[in-house]
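The opening position of the sequence shown corresponds to residue 0 in numbering that gives the first Met the number 0, with each subsequent residue numbered one higher.
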Amino acid sequence: MNEEKHCLGCGVKLQDENVLQEGYTANLDHDLCQRCFRIKNYGDYQVVVKSNEEYLSILKGIGQTKNLVLYITDLLNVEKDLSEIRRLIPNKMILVLNKRDVLPKSVNDEKLISYFQNQDIPFEKIMVISTKKNQNIDELLKQIKLYQTGKEVYVVGHTNAGKSSLINKLLRNYSTNTQELTMSPLPTTTLSTVRIAINDYLTLIDTPGLVDPHSIVNYLEPKMLSKVCPIKEIKPKTYQVKPGQSILIDEFARIDYVEGEKNSFTVFVSNDLKVKRVSSKNDSLKNMEKRTYEMKYGEDLCLSGLGFVKIVNKGTVDIYMNHNVDVFTRKSLI
């Protein structure tokens with residue numbers, strides 16, 4: 000009988016009996032399941048649907064340890080409730096604001112940190128990083144060493160926040176371990192916990208991403224994900240808008256300015272998406288669900304998984320978007 004093995008890419012138990020089940024490999028001597036092998040070598044993404052129940056039990060288990068936790072979030076798509084994970088895990092925790100390279104260089108890092116400090120959620124430290132640009136990775140490692148309570152450190156967050164990318168960066172920068180986690184723009188790329196030894200003093204434990212069922216990434220074909228998920232610095236598009244005008248964000252969202260004084264809308268989405276201002280008489284995208292929001296001064300309109308729109312003045316807006324996708328407002332991030 001073969002000794003039980005787990006995929007080094009996604010953490011799932013390897014098996015050679017059922018090609019249709021997760022963890023399949025034609026050869027149990029291999030270190031990767033077939034799915035991870037195809038993602039890594041061919042960019043052939045296979046969607047795996049997972050519920051959050053398993054992940055929530057993992058989070059609660061982490062909460063029963065004394066280990067330090069890194070909570071990774073995507074600066075372009077910060078989740079609606081940052082305290083959700085914090086309520087489940089009482090451990091020492093560092094909030095890691097990832098994908099700094101996607102936001103404009105003009106954005107001040109200290110203002111970003113201050114923004115999250117003012118939310119009164121208890122974190123030992125708040126860090127702004129970019130795994131792609133290697134920004135602040137040395138400093139993050141110093142903070143991990145400072146707050147470590149033991150050798151093991153857990154890495155948590157929502158899907159596509161960049162957990163595996165960060166771990167791979169730490170491996171390449173500071174470790175002789177050749178293991179590499181599977182990365183893709185798909186939700187649920189990591190399917191189970193994966194232990195990664197960085198050195199004799201630090202072992203990171205990657206966890207499956209908490210799936211946000213209200214993110215647009217769950218409702219896109221894999222080929223569209225690369226269009227929606229930016230890989231380079233966003234060039235915000237600012238429009239002066241008055242009632243009777245609308246902003247179209249590619250085929251995904253329509254924002255009608257219904258009532259209010261002349262306003263300024265700045266759209267923060269992937270550069271690959273077409274954004275334009277049109278007359279509200281234009282019927283494009285009106286087949287989607289309509290929701291109405293009363294915007295206050297200096298608020299963002301967040302389109303879960305797509306990005307956000309900074310709106311300067313108060314006013315009434317109608318949003319047309321997939322009814323499964325969450326739309327919410329917050330105080331302006333930038």
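In this text, a Cβ means the ideal position worked out from N, Cα and C, and glycines have one as well.
Under a three-way DSSP split, which group does residue i fall into?
i: residue 156; result: strand
i: residue 275; result: strand
i: residue 307; result: strand
i: residue 228; result: coil
i: residue 246; result: strand
i: residue 187; result: Bear in mind that the predicted position of residue 187 carries a pLDDT of just 45, short of 50, making it unreliable; the figure below should be weighed with that in mind. Correct three-state label for residue 187: coil.
i: residue 15; result: coil
i: residue 20; result: coil
i: residue 106; result: coil
i: residue 259; result: strand
i: residue 210; result: coil
i: residue 129; result: strand
i: residue 116; result: helix
i: residue 134; result: strand
i: residue 295; result: coil
i: residue 220; result: coil
For residue i, is the classification buried or exposed, using 16 other Cβ atoms within 10 angstroms of its Cβ as the cut-off for buried?
i: residue 241; result: exposed
i: residue 187; result: The predicted model places residue 187 with a pLDDT of 45, which falls under 50 and marks its position as unreliable; any figure quoted below should be read in that light. With 16 or more other Cβ atoms within 10 Å, it is buried.
i: residue 169; result: buried
i: residue 17; result: exposed
i: residue 121; result: exposed
i: residue 255; result: buried
i: residue 235; result: buried
i: residue 27; result: exposed
i: residue 220; result: exposed
i: residue 0; result: With a pLDDT of 39 at residue 0, under the threshold of 50, the modelled position of this residue cannot be trusted; read the value that follows with caution. It is exposed - the Cβ of residue 0 has fewer than 16 other Cβ atoms within 10 Å.
i: residue 230; result: exposed
i: residue 24; result: buried
i: residue 162; result: buried
i: residue 303; result: buried
i: residue 34; result: buried
i: residue 334; result: Past the edges of the chain, shown from 0 to 333, lies residue 334, and the structure says nothing about it.
i: residue 282; result: exposed
For residue i, list the residues DSSP reports as bridge partners.
i: residue 70; result: 94 and 155
i: residue 264; result: 238 and 310
i: residue 122; result: According to DSSP, which records beta bridges pairwise, residue 122 is partnered with nothing at all.
i: residue 198; result: 201
i: residue 327; result: 301
i: residue 318; result: 254 and 290
i: residue 75; result: Residue 75 is not bridged to any residue.
i: residue 5; result: 12
i: residue 147; result: For residue 147, which the question treats as bridged, DSSP gives no partner whatsoever.
i: residue 101; result: DSSP output for residue 101 lists no bridge partner at all.
i: residue 193; result: 205
So, under 8 Å CB-CB, residue i and residue j are touching, yes? Tell me the CB distance rounded to an integer number of Å.
i: residue 32; j: residue 58; result: Residue 32 to residue 58, Cβ: 24 Å. No contact.
i: residue 224; j: residue 216; result: 6 Å
i: residue 279; j: residue 314; result: Contact doesn't hold; Cβ gap of about 13 Å is too wide.
i: residue 91; j: residue 173; result: The Cβ separation is near 21 Å, so there is no contact.
i: residue 201; j: residue 143; result: 7 Å
i: residue 192; j: residue 10; result: 6 Å
i: residue 93; j: residue 123; result: 6 Å
i: residue 69; j: residue 102; result: Not a contact, Cβ separation roughly 20 Å.
i: residue 39; j: residue 8; result: 7 Å
May I ask you to check if the CB of residue i is nearer than 7 Å to at least one heavy atom of the ligand MG?
i: residue 159; result: Inclusion of the ligand MG in the displayed structure is not the case, the ligand content being empty and no account of it being possible.
Subject >> Three CB pairs or more closer than 8 Å across the stretch 314 to 323 and the stretch 269 to 276 >> reply: no
Original post:
Contact between the stretch 295 to 313 and the stretch 257 to 265: three or more CB pairs below 8 Å?
Top reply: yes
Original post:
Do three or more CB pairs link the stretch 123 to 132 to the stretch 92 to 103 at distances below 8 Å?
Top reply: yes
Original post:
Is the number of C-beta pairs between the stretch 290 to 299 and the stretch 200 to 214 that are closer than 8 Å three or more?
Top reply: no
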